[in-house]
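Visitor: Numbering (the UniProt record's numbering), first residue to last: 1 to 284. Just so you know, even glycine gets a beta-carbon here, dropped at the ideal spot from N, CA and C. If you're wondering where the values come from, they're calculated on a predicted model, not measured in any experiment. Sharing a structure here in structure tokens format.
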């Protein structure tokens with residue numbers, strides 16, 4: 001999984017366009033992109049989208065936050081369509097994840113879906129409280145699959161007038177990004193980089209995606225179809241990385257004791273794990 005393309009849950013036209021992209025997953029949005037008066041209508045449209053899916057793409061639903069009183073209605077409308085996962089916005093730690101997991105237990109049972117198969121991806125940095133809860137992953141539901149960070153709502157929560165200058169994030173947002181990455185790694189789930197808001201600056205998008213991958217993010221969210229191919233390419237390992245990884249794995253195959261040597265340098269288990277992750281990232 002490299003790219004998650006957001007699609008407004010009330011736009012069949014944009015959905016049909018998104019299905020034609022190489023996005024690994026679509027996030028059908030019932031939250032920020034939907035006007036309050038359109039929320040109920042969007043649920044029905046999103047439910048129909050689930051029935052018209054591209055089998056090559058995973059489908060996630062971003063529901064409304066748990067404090068809106070809309071979450072249960074969103075789930076009731078879409079769960080029979082068997083989404084691959086639910087994206088939970090404004091998530092503040094394990095308690096929120098576990099509350100959503102309990103809801104999913106009930107809706108899976110009611111819809112004849114195998115228990116525990118619906119994943120959870122959290123948007124983990126949208127409020128100041130959420131940022132402080134990122135490392136709160138003890139006793140987290142095993143449904144948690146990924147953590148995404150976001151800067152737009154966080155700016156409002158902090159009272160910031162902007163989150164970037166000349167394309168560079170200000171320090172509070174860099175902190176949120178880094179904590180999301182560290183929290184995801186500590187919890188053993190996928191770290192997903194935030195969207196690039198400038199639709200037309202593909203060079204900046206490429207640089208941002210490459211930097212995210214180098215830091216340890218495994219995927220990136222996007223808001224426009226033309227961002228998909230750029231992100232997919234950025235999250236593929238280079239030929240040099242693949243060659244290095246294959247050599248590392250071969251070296252350990254010849255030396256299963258846990259320590260190996262390559263090019264005069266000692267290798268240990270962290271090198272092996274890094275090599276395995278690089279080779280695994282070649283596959284969607």
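(1) Note down the Cα distance separating residue 229 from residue 209, rounded to an integer number of angstroms.
(2) Is residue 191 helix, strand or coil by DSSP?
(3) Between which two residues does the beta strand (DSSP E) harbouring residue 8 extend?
(4) Any idea what DSSP makes of residue 13, helix, strand or coil?
(5) Quick one, which of 73, 214, 217, 225 has its alpha-carbon nearest residue 25's?
(6) Kindly list the residues whose CB is nearer than 7 Å to the CB of residue 269, restricted to its own chain and excluding five residues on each side of it in sequence; keep chain order.
(7) Quick one: what's got a C-beta closer than 7 Å to residue 181's C-beta in the same chain, skipping five residues either side?
(8) At what residues does the alpha helix (DSSP H) containing residue 213 begin and finish?
(9) Candidates 12, 239, 58: which alpha carbon is nearest residue 4's?
(10) State the Cα-Cα distance for the pair residue 150 and residue 219, rounded to the nearest angstrom.
(11) Is the region 94-105 in contact with the region 38-45, if contact means three or more CB pairs nearer than 8 Å?
(12) With a cut-off of 8 Å on the beta carbons, I'd call residue 43 and residue 74 a contact; round off their distance for me.
(13) So what does DSSP say about residue 146, is it helix, strand or coil?
(14) Pull the bridge partners of residue 261 from the DSSP assignment, please.
(15) Once the 5 residues before and after residue 202 are set aside, which same chain residues still bring their CB inside 6 Å of it?
(16) Relative to the alpha-carbon of residue 146, which residue among 248, 125, 45 has its alpha-carbon at the smallest distance?
(17) Just curious, the beta strand (DSSP E) that residue 28 is in, first and last residue?
(18) Compare the beta carbon distance of residue 89 and residue 123 with 7 Å and say whether it is the shorter of the two.
(19) Is it the case that the Cβ atoms of residue 114 and residue 157 are separated by a distance below 7 Å?
(20) Going by DSSP, name the residue or residues bridged to residue 120.
(21) Taking 7 Å as the threshold (C-beta atoms), are residue 29 and residue 8 in contact?
(22) Just the Cα atoms here: how many angstroms apart are residue 137 and residue 6?
Guide: According to the structure shown:
(1) 11 Å
(2) strand
(3) Boundaries of the beta strand (DSSP E) around residue 8: 3-8.
(4) helix
(5) 225
(6) 258
(7) 191, 215, 216, 217
(8) 202-215
(9) 58
(10) 14 Å
(11) Counting C-beta pairs with one atom in each stretch, the region 94-105 and the region 38-45 have fewer than three that are closer than 8 Å, which means they do not touch.
(12) Confirmed, Cβ separation roughly 6 Å.
(13) Of the three classes helix, strand and coil, the one that applies to residue 146 here is strand, per DSSP.
(14) 266
(15) 230
(16) 125
(17) 25-29
(18) yes
(19) no
(20) DSSP lists 86, 144 as partners of residue 120.
(21) yes
(22) 26 Å
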